[in-house]
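As structure tokens, the structure follows; a few thoughts come after it.
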Amino acid sequence: MMRAPWLLPFWLVASLVPRGLAAQAADSTPPERLAARQWYRDAKFGMFIHWGVYSLLGQGEWVMQNREIPVGPYEWLAGTFNPVKFDAREWVSLAKAAGVRYITITSRHHDGFSMFATRATRYNVVDWTPFKRDPLKELADECRRQGLKLFFYYSQLDWHHPDYWPRGRTGHNTGRPESGDWSRYLDFLDSQLTELLGNYGPIGGIWFDGMWDKPPPEADWRLPHTYALIHRLQPAALIVPNHHQAPLPGEDVQTFEQDLPGANTAGFNTEEIGRLPLETSLTMNDSWGFNITDRRYKSVPELIRYLVKAAGRDANLLLNVGPRPDGTIPPEAEERLREVGRWLATYGSSIYGTRRGPIPPRDWGVTTQRGDSVFVHVLDWADRVLALPALGAGTRVVGATMLATGERVEVTQSDAGVVLTLPAVRQGGAEEPDRVVVLTLEARRR
Ligand code: H79
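In our numbering, the protein residues as written are 109 to 554.
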């Protein structure tokens with residue numbers, strides 16, 4: 109007879125708990141946040157927005173650093189920020205049309221200018237500009253109305269604040285005094301985070317960036333203190349750190365920049381993939397902030413394939429737009445977002461709410477899965493016959509159709525794998541970015 113579980117030795121009980129759960133229990137992540145992580149895994153697609161004083165110059169968000177603009181002239185520039193055409197309803201409606209489930213927007217980038225109402229510094233959009241409005245408040249209210257979650261990007265690096273001292277890798281040519289009080293700077297961050305978590309209703313979380321300027325242990329960022337503050341103020345808010353390292357305690361998402369998880373074409377991403385939800389952020393051209401001469405926009409099929417490849421690796425895609433200084437979205441970006449949204453209207457069931465499928469990424473494409481349905485995403489395969497490895501012991505395919513048309517797909521299967529015969533591609537027809545086959549599985553009775 110089986111002994112009652114409380115009589116089992118601890119090591120045996122521990123070995124029965126899935127490792128992911130054990131790790132989560134170890135850092136005692138509360139249920140609200142575990143639920144938020146699941147929501148996040150299901151969401152799959154977000155819109156990144158880089159918008160600030162830098163948008164005025166149309167040369168990307170690093171212009172202060174790249175053109176060595178001192179604090180004084182940049183402060184003057186900030187005083188001219190007046191996006192009279194900004195309309196939160198239009199931005200959020202576009203995000204909805206694109207099919208994203210959340211928006212992540214720059215509340216403060218490396219230039220140190222706060223795009224929200226803050227008492228921690230006068231250097232903010234309400235007190236410093238003729239605009240006088242708080243765009244983050246308008247966005248937060250509109251996101252709530254239209255059912256999107258809002259995350260705040262927040263730069264830990266600052267090229268303007270006098271107490272960002274000692275300096276790190278960047279921000280050396282802004283004419284600041286060569287002195288400062290680091291702990292006062294960290295207090296400033298905490299007071300701003302308190303405002304972001306207190307004044308905008310429930311938010312999705314905080315997306316940190318810039319710690320790589322002075323990575324620990326070079327600087328003590330007091331992360332446990334700041335993370336505890338965030339989690340105390342909003343227990344369901346996720347911490348998404350873009351520090352290019354493996355996840356640290358208290359963090360909720362592992363995010364990758366301009367790379368799929370595990371790849372490192374950018375040169376600064378870690379190849380170590382942890383057990384947290386994953387995300388990959390991507391520019392639509394080659395810039396985050398508005399860049400008036402950057403014409404290198406990715407095509408719609410490229411963007412769709414990136415979203416699909418991310419989903420096949422269990423990662424969300426956070427796709428960036430850099431609005432113009434007048435508050436409008438560049439038409440090239442708007443057009444692409446609407447096209448991706450149109451694609452998702454047909455193919456969304458193979459993306460939203462899925463997890464990576466039973467077959468690891470292949471040259472021909474990826475798989476995703478929800479319940480009994482496995483979605484075979486055929487991204488790059490010229491032949492009609494596609495052979496898949498076995499989907500798992502005792503797993504049988506009982507149906508296969510093309511997602512878009514419902515057309516039946518012929519299946520032959522053996523212990524070695526599953527062979528699909530795809531419908532013929534129409535000669536001269538437009539090439540599909542992704543042909544999706546839905547396999548219905550049945551676990552064979554033992
Ligand atoms: O907000 C966008 C960019 O402005 C910001 N992150 C995205 C989301 C970003 N800043 N820099 N990078 C991305 C690229 C990182 C470059 C680095 Fe380095 C290479 C960081 C560490 C090594 C350059 C050289 C900066 C420090 C040393």
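Yeah, the Cβ is synthetic: ideal placement off N, Cα and C, and Gly gets one too. As the structure is a prediction and not an experimental result, all values here were calculated from the model.
| Check | Outcome |
| --- | --- |
| Measuring from the CB of residue 350, is there a heavy atom of ligand 1 at a distance below 7 Å? | yes |
| Considering only residues of the region 314–345, which uninterrupted alpha helix (DSSP H) runs meet the minimum length of 4 residues and lie entirely inside it, listed in chain order? | 331–341 |
| Could I get the ranges of all uninterrupted beta strand (DSSP E) runs contained in the region 249–289, with 3 residues as the minimum, in chain order? | 257–263 |
| Going by DSSP, what residue range makes up the alpha helix (DSSP H) through residue 174? | 171–174 |
| Whole angstroms is fine: what's the gap from residue 563's alpha carbon to residue 308's? | With the chain represented from 109 up to 554, any question about residue 563 goes unanswered, as that position is not in the structure. |
| Identify the continuous alpha helix (DSSP H) that holds residue 395 and give its terminal residues. | Premise fails: residue 395 is in no alpha helix (DSSP H) and is neither H nor E. |
| Count the CB pairs spanning the region 229–243 and the region 185–200 that are closer than 8 Å, and state whether there are at least three. | yes |
| Exposed or buried, which one is residue 555 when buried takes at least 16 other CB atoms within 10 Å? | Coverage of the chain is limited to positions 109 through 554, which leaves residue 555 absent and any answer about it impossible. |
| Along the chain, which unbroken stretches of the alpha helix (DSSP H) at least 4 residues long are found entirely within the region 470–532? | none |
| Can you determine whether any heavy atom of ligand 1 sits closer than 7 Å to the C-beta of residue 298, and answer yes or no? | no |
| For a quick check, are the C-beta atoms of residue 365 and residue 377 less than 8 Å apart? | yes |
| To which residues of the same chain is residue 338 closer than 7 Å at the C-beta, ignoring the five residues directly before and after it? | 301, 305, 314, 345, 347 |
| Nearest to residue 433 by CA position, among 140, 137, 160, 138, is which residue? | 160 |
| Could you check if residue 282 is buried or exposed, using at least 16 other CB atoms within 10 Å of its CB as the buried criterion? | buried |
| If residue 177 and residue 259 are in contact, beta carbons under 8 Å, what's the gap, nearest whole angstrom? | That belief does not hold up - the Cβ atoms of residue 177 and residue 259 are roughly 28 Å apart, past 8 Å. |
| Nearest to residue 155 by CA position, among 370, 357, 351, 441, is which residue? | 441 |
| Looking at C-alpha atoms only, which residue of 392, 393, 418 is the closest neighbour of residue 370? | 418 |
| Express the C-alpha separation of residue 459 and residue 272 in angstroms, rounding to a whole number. | 42 Å |
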